[in-house]
Amino acid sequence: MSETAPATSLAAAPAGPVLELHGISKTFAGVGVLHGVELAVHPGQVMGLVGENGAGKSTLMRIVTGIYGADSGGVIRFGGREVHFASARQSIDAGVAMIHQDLNLLPDLTVAENLLLGREPLNRFGLIDRPAMRAQAQVLLAAVRQQIDPASSVGSLSVAQQQMVEIARALSLDARLIIMDEPTDALTGVETEVLFDAIRQLRAQGKAVVYISHRLAEIFAICDVVTVLRDGYKVFSGPVVGLDEATLIHHMVGREITDQYPYRPAAAGAVALRVRGLTAPGISDISFEVRAGEVVGFAGLMGAGSSELGKAIYGDVAVHAGSVELQGRPVRLRSPQDGVRAGIAYLPEDRKAEGLIQAHSVRTNMSLAALPRFDRGLGWVDRHREDEAVAGYISAFAIKSQGAQAEVATLSGGNQQKVSLAKALMTEPRVLILAEPTRGVDVGARREIYSLVNELKAKGMAIVLISSDMPELLGIADRILVLSHGHLTGTFEHGRATQEAILERALA
Ligand SMILES: Nc1ncnc2c1ncn2[C@@H]1O[C@H](COP(=O)(O)OP(=O)(O)OP(=O)(O)O)[C@@H](O)[C@H]1O
Ligand SMILES: [Mg+2]
Numbered sequence: 031m032s033e034t035a036p037a038t039s040l041a042a043a044p045a046g047p048v049l050e051l052h053g054i055s056k057t058f059a060g061v062g063v064l065h066g067v068e069l070a071v072h073p074g075q076v077m078g079l080v081g082e083n084g085a086g087k088s089t090l091m092r093i094v095t096g097i098y099g100a101d102s103g104g105v106i107r108f109g110g111r112e113v114h115f116a117s118a119r120q121s122i123d124a125g126v127a128m129i130h131q132d133l134n135l136l137p138d139l140t141v142a143e144n145l146l147l148g149r150e151p152l153n154r155f156g157l158i159d160r161p162a163m164r165a166q167a168q169v170l171l172a173a174v175r176q177q178i179d180p181a182s183s184v185g186s187l188s189v190a191q192q193q194m195v196e197i198a199r200a201l202s203l204d205a206r207l208i209i210m211d212e213p214t215d216a217l218t219g220v221e222t223e224v225l226f227d228a229i230r231q232l233r234a235q236g237k238a239v240v241y242i243s244h245r246l247a248e249i250f251a252i253c254d255v256v257t258v259l260r261d262g263y264k265v266f267s268g269p270v271v272g273l274d275e276a277t278l279i280h281h282m283v284g285r286e287i288t289d290q291y292p293y294r295p296a297a298a299g300a301v302a303l304r305v306r307g308l309t310a311p312g313i314s315d316i317s318f319e320v321r322a323g324e325v326v327g328f329a330g331l332m333g334a335g336s337s338e339l340g341k342a343i344y345g346d347v348a349v350h351a352g353s354v355e356l357q358g359r360p361v362r363l364r365s366p367q368d369g370v371r372a373g374i375a376y377l378p379e380d381r382k383a384e385g386l387i388q389a390h391s392v393r394t395n396m397s398l399a400a401l402p403r404f405d406r407g408l409g410w411v412d413r414h415r416e417d418e419a420v421a422g423y424i425s426a427f428a429i430k431s432q433g434a435q436a437e438v439a440t441l442s443g444g445n446q447q448k449v450s451l452a453k454a455l456m457t458e459p460r461v462l463i464l465a466e467p468t469r470g471v472d473v474g475a476r477r478e479i480y481s482l483v484n485e486l487k488a489k490g491m492a493i494v495l496i497s498s499d500m501p502e503l504l505g506i507a508d509r510i511l512v513l514s515h516g517h518l519t520g521t522f523e524h525g526r527a528t529q530e531a532i533l534e535r536a537l538a
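Numbering (the numbering used here), first residue to last: 31 to 538.
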């Protein structure tokens with residue numbers, strides 16, 4: 031017998047799962063969206079959760095956090111004990127934090143107020159201690175390397191900055207399980223790395239993470255195990271090691287997807303959009319041209335000015351200097367109606383705040399801006415043609431909903447994004463500005479959107495593509511312009527750019 035006991039006998043029994051789900055089902059208005067899902071996440075483990083838009087990922091995690099109740103028969107165990115969280119508050123108190131897909135921040139409150147909501151520091155009079163609050167917020171922001179002013183209102187931040195605030199808040203809750211629902215869908219590589227560092231620390235501390243993303247490279251980069259949902263069924267669960275992307279995609283969609291970026295060179299025509307010396311909040315002295323049939327992409331780090339550029343062209347923010355010409359004619363847009371009339375459409379990066387009306391139907395959201403197109407005269411709308419157009423986009427993008435009359439709020443995040451894109455296309459613009467068009471969109475639907483971009487190019491549409499997704503820019507843009515601190519710092523033709531070269535310019 032050996033003198034020293036084997037190390038294992040002293041250590042606690044192998045830690046059981048921190049989260050265990052058994053037989054979780056969920057039905058909305060008679061439609062089953064989750065079917066008997068089983069899942070176990072262990073301490074120190076990062077589990078990827080993937081699946082097509084509408085597969086049930088967010089719903090499953092909202093059930094875990096008590097936002098939704100599961101159908102009867104399901105069991106949730108947290109830390110080994112069966113739990114029935116009746117609200118998000120209860121799950122947070124028990125040690126579950128969640129970064130929500132469509133960010134759960136209050137836009138009218140400040141960054142500090144959002145970060146410390148419900149746990150504000152008090153002074154000796156029992157009132158909120160503002161200076162202490164600001165200082166604490168600064169610490170939380172520094173942990174994710176953000177230099178955002180804690181006193182600024184959340185509504186004034188870009189989606190990427192809001193995402194970082196939401197991440198900072200979740201990390202600060204000291205939870206045992208952190209659920210991240212598409213935390214990086216508007217982040218560039220640099221901020222994503224900040225998040226990954228934080229995830230590695232959480233793992234080292236024995237915390238568990240559930241990581242939802244459509245950026246499959248991220249799953250391979252940060253996850254230990256991955257679970258796949260398809261149409262509400264768990265179809266796969268296993269270690270990431272030994273898995274390749276094609277196999278993972280096959281689990282997700284049940285078929286092969288080859289040629290993710292079906293690039294076709296531009297047959298560029300006349301200049302459709304000319305921007306000269308454009309200067310607005312966040313951008314300065316930007317000049318470029320987009321020809322009919324061309325896709326011009328914009329890359330840059332967070333805060334470099336890409337989001338601001340789209341808004342400035344579209345007249346969504348006050349422009350200080352410079353001009354925008356459409357088809358050779360100077361325009362100054364003051365409203366979306368002006369845009370529609372001038373033949374330009376804009377897909378905003380923030381579908382929740384600027385893009386869609388959540389309480390309205392898929393149909394109304396899609397066709398509202400395009401109604402003049404369906405006008406039969408005297409304000410009579412040709413409902414038949416409108417229905418046809420709406421149905422066309424629902425089928426082209428495989429939008430999953432309970433029909434054209436379904437409220438947009440009931441659609442999954444990726445499906446809302448597809449509605450937002452259809453809305454922009456419905457006006458049949460000649461110039462299209464796309465900000466993060468595939469934000470939250472699954473691998474199959476992305477392929478559809480890229481094919482559509484090719485078709486639109488062939489028809490002579492001029493497209494501005496603002497994206498934080500580098501492979502997407504490299505894959506489909508004819509030309510990539512790089513922004514840094516609001517200035518243009520580089521131009522690359524398709525095929526000449528690499529991620530490293532773009533990053534080098536983005537850091538200039
Ligand atoms: N409140 C609701 N009412 C009706 N249906 C809903 C509701 N919430 C979700 N659903 C439906 O449940 C299904 C699953 O949605 P969920 O948001 O969980 O998908 P997801 O996998 O997170 O997709 P995505 O990748 O697009 O975010 C979808 O078909 C959606 O329309
Ligand atoms: Mg979701």
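Ideal placement from N, C-alpha and C gives every residue a C-beta, glycine not left out.
Quick one: does the C-beta of residue i sit closer than 7 Å to a heavy atom of ligand 1?
i, result
"residue 395", "no"
"residue 411", "no"
"residue 204", "no"
"residue 380", "no"
"residue 434", "no"
"residue 214", "no"
"residue 134", "no"
"residue 267", "no"
"residue 101", "no"
"residue 58", "yes"
Pull up the distance between the alpha-carbon of residue i and that of residue j, whole angstroms please.
i, j, result
"residue 189", "residue 469", "11 Å"
"residue 391", "residue 435", "5 Å"
"residue 364", "residue 254", "49 Å"
"residue 432", "residue 239", "32 Å"
"residue 304", "residue 429", "34 Å"
"residue 151", "residue 116", "26 Å"
"residue 272", "residue 77", "15 Å"
"residue 497", "residue 171", "24 Å"
"residue 214", "residue 407", "46 Å"
"residue 331", "residue 536", "6 Å"
"residue 105", "residue 538", "53 Å"
"residue 306", "residue 397", "32 Å"
"residue 534", "residue 308", "24 Å"
"residue 322", "residue 481", "17 Å"
Tell me, which residues are paired with residue i by DSSP?
i, result
"residue 56", "64"
"residue 268", "256"
"residue 183", "140"
"residue 152", "158"
"residue 128", "209"
"residue 405", "411"
"residue 541", "Any answer about residue 541 is impossible in this case: the structure gives the chain only from 31 up to 538."
"residue 517", "514"
"residue 391", "437"
"residue 78", "241, 256"
"residue 318", "305"
"residue 107", "50, 112"
"residue 263", "260"
"residue 223", "DSSP output for residue 223 lists no bridge partner at all."
"residue 376", "463"
"residue 71", "49"
Considering only heavy atoms of ligand 2, does any lie closer than 7 Å to the CB of residue i?
i, result
"residue 87", "yes"
"residue 443", "yes"
"residue 499", "no"
"residue 261", "no"
"residue 131", "yes"
"residue 211", "yes"
Use the C-beta contact count for residue i: other C-beta atoms within 10 angstroms, 16 or more gives buried, fewer gives exposed.
i, result
"residue 81", "buried"
"residue 144", "buried"
"residue 119", "exposed"
"residue 33", "In this predicted model, residue 33 has a pLDDT of only 44, less than 50, meaning its place in the structure is not dependable enough to derive any value."
"residue 477", "buried"
"residue 155", "exposed"
"residue 193", "buried"
"residue 339", "buried"
"residue 249", "buried"
"residue 196", "buried"
"residue 178", "buried"
"residue 182", "exposed"
Under the criterion of a Cβ to heavy atom distance below 7 Å, does residue i qualify as lining ligand 3?
i, result
"residue 446", "Inclusion of ligand 3 in the displayed structure is not the case, the ligand content consisting of ligand 1 and ligand 2 alone."
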